[in-house]
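Contents: one structure, followed by commentary.
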Amino acid sequence: MKLKPALLIGFVFFVVLPALGANQLMNKFTSPKGANAVNEELAYRFMKPNNTVLHEVFLPDGSPLLTVTYIFDDFGHRRTPSKDIDHGTRHALFFGCSYVFGAKLNDEDTLPSHFAKQNPDYWSANFGISGYGVFDVLRQMELDLSRYRRAAPPGFAFYLYLPFHRQRSGGAFFKSPNMEWTPQYRWQNNQLRFLGSWSEVHPALSWILQKLKRWNFDLGIRSLRGLPGMTGRLMNEDVHQAVHHSFPAIRDEYLKSFPEGRFIVGLGPHLTERDREMFAELTRQGIETLDLSDLPFDEEIIHPLDAHPNSKLNEMIARKITSYLAENPKPDSP
Numbered sequence: 032m033k034l035k036p037a038l039l040i041g042f043v044f045f046v047v048l049p050a051l052g053a054n055q056l057m058n059k060f061t062s063p064k065g066a067n068a069v070n071e072e073l074a075y076r077f078m079k080p081n082n083t084v085l086h087e088v089f090l091p092d093g094s095p096l097l098t099v100t101y102i103f104d105d106f107g108h109r110r111t112p113s114k115d116i117d118h119g120t121r122h123a124l125f126f127g128c129s130y131v132f133g134a135k136l137n138d139e140d141t142l143p144s145h146f147a148k149q150n151p152d153y154w155s156a157n158f159g160i161s162g163y164g165v166f167d168v169l170r171q172m173e174l175d176l177s178r179y180r181r182a183a184p185p186g187f188a189f190y191l192y193l194p195f196h197r198q199r200s201g202g203a204f205f206k207s208p209n210m211e212w213t214p215q216y217r218w219q220n221n222q223l224r225f226l227g228s229w230s231e232v233h234p235a236l237s238w239i240l241q242k243l244k245r246w247n248f249d250l251g252i253r254s255l256r257g258l259p260g261m262t263g264r265l266m267n268e269d270v271h272q273a274v275h276h277s278f279p280a281i282r283d284e285y286l287k288s289f290p291e292g293r294f295i296v297g298l299g300p301h302l303t304e305r306d307r308e309m310f311a312e313l314t315r316q317g318i319e320t321l322d323l324s325d326l327p328f329d330e331e332i333i334h335p336l337d338a339h340p341n342s343k344l345n346e347m348i349a350r351k352i353t354s355y356l357a358e359n360p361k362p363d364s365p
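Residues 32 to 365, numbered by the numbering used here, are exactly what the sequence shown covers, in order.
Here is the structure:
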């Protein structure tokens with residue numbers, strides 16, 4: 032017997048999807064300004080400067096789990112216990128998603144903060160933003176780093192790459208409230224070109240997503256992501272090529288502002304075969320990589336229902352970066 036489409040849709044929305052979301056932590060954010068902002072014209076998502084955000088986390092039954100505070104500086108970066116850019120003898124800039132940002136951790140427990148405590152002579156800055164992927168980091172390099180174009184001391188930029196960053200770049204990983212403003216790049220005529228936001232590249236899908244989100248954000252994004260063939264449509268070969276070519280572009284944008292620096296990609300756990308092939312080729316092209324897969328990413332987490340790194344894991348990552356820098360002097364410029 033065949034189910035009618037309306038019955039099937041109703042079953043998915045009211046039975047299957049609520050069950051999928053039953054065992055999730057719940058979040059409450061409190062801030063006088065709101066936490067983040069979007070420049071839709073530039074396809075750029077950023078954190079509001081000079082701001083404080085209270086993040087309360089609750090278990091599925093509604094009981095409190097933890098409460099943390101995020102404090103942002105004049106540039107919209109999370110505070111770190113380090114010297115500022117004018118007094119640090121070296122710089123350490125950390126890029127990535129919520130893993131670098133330090134979701135559900137206080138300021139002193141993030142990866143950039145642990146590095147700052149281990150290396151007190153550095154200016155250590157947290158550029159991490161929840162929901163970011165590869166294209167977001169490139170856009171951030173293009174639009175944010177220009178504020179630091181000065182005779183900066185030597186140092187490095189570190190981007191913690193995780194496999195789902197590839198899906199986020201193409202819009203196939205719908206776990207960001209503002210994912211429709213993800214910047215889009217494509218490799219065309221031997222150049223990496225900025226095409227605008229995901230909403231501009233996929234107007235029909237964006238319209239559907241907006242309608243679904245108004246009804247129920249979690250169920251809406253799950254539904255759109257689950258449509259047959261959706262992942263293949265969004266993650267086509269053009270997107271994969273653009274992700275690959277984004278890493279040299281990120282490095283080049285960084286070196287425009289920090290010519291004495293070095294760009295390092297930290298390779299997180301569970302890389303796909305395509306990821307491994309990509310980074311093998313990028314290594315041959317002069318991109319530095321640091322394998323972090325031996326660290327306990329699956330054990331040292333916030334909670335069994337939340338895979339974000341805890342403070343202990345961030346400290347371990349920071350120590351591995353410190354050791355890598357000591358054992359591997361800066362190579363010749365590409």
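Even glycine gets a Cβ: it sits at the ideal position worked out from N, Cα and C.
The structure displayed is predicted, hence computed values, not measured ones.
Do residue j and residue i count as a contact pair if the criterion is CB distance below 8 Å?
i, j, result
"residue 339", "residue 348", "no"
"residue 284", "residue 176", "yes"
"residue 216", "residue 126", "no"
"residue 59", "residue 67", "no"
"residue 134", "residue 143", "no"
"residue 4", "residue 184", "Given that the chain is displayed from residue 32 to residue 365, the structure contains no residue 4 and the question cannot be resolved."
"residue 100", "residue 83", "yes"
"residue 326", "residue 344", "yes"
"residue 108", "residue 158", "yes"
"residue 336", "residue 56", "yes"
"residue 153", "residue 178", "no"
"residue 209", "residue 162", "yes"
"residue 342", "residue 136", "yes"
"residue 374", "residue 358", "Any question about residue 374 goes unanswered here, given that the chain covers just 32 to 365."
"residue 123", "residue 146", "yes"
"residue 298", "residue 174", "no"
"residue 200", "residue 296", "no"
"residue 169", "residue 281", "yes"
"residue 223", "residue 271", "no"
"residue 212", "residue 69", "yes"
Where do the ends of the alpha helix (DSSP H) carrying residue i lie?
i, result
"residue 223", "Note, residue 223: premise wrong, no alpha helix (DSSP H); beta strand (DSSP E) at 222–228."
"residue 261", "261–265"
"residue 161", "Per DSSP, residue 161 belongs to no alpha helix (DSSP H) and is neither H nor E."
"residue 179", "Element bounds for residue 179: n/a, residue is neither H nor E."
What residues match up with residue i in a beta bridge as DSSP calls it?
i, result
"residue 95", "89"
"residue 215", "227"
"residue 361", "Bridge partners of residue 361: none, in fact."
"residue 101", "84"
"residue 154", "122"
"residue 69", "76"
Give the secondary structure of residue i by DSSP, where H, G and I count as helix, E and B as strand, and everything else as coil.
i, result
"residue 350", "helix"
"residue 200", "helix"
"residue 109", "strand"
"residue 273", "helix"
"residue 239", "helix"
"residue 233", "coil"
"residue 114", "coil"
"residue 147", "helix"
"residue 174", "helix"
"residue 54", "coil"
"residue 64", "coil"
"residue 136", "coil"
"residue 258", "coil"
"residue 345", "helix"
"residue 46", "A caution first: residue 46 carries a pLDDT of 48, below 50, which makes its placement in the model too unreliable to give a value."
Could you spell out where the beta strand (DSSP E) holding residue i opens and where it closes?
i, result
"residue 78", "75–78"
"residue 57", "57–61"
"residue 188", "186–192"
"residue 122", "121–126"
(Q) Please give me, in chain order, every unbroken run of the beta strand (DSSP E) with length at least 3 that falls completely inside the region 277–342. (A) 292–298, 319–322, 332–334, 337–340
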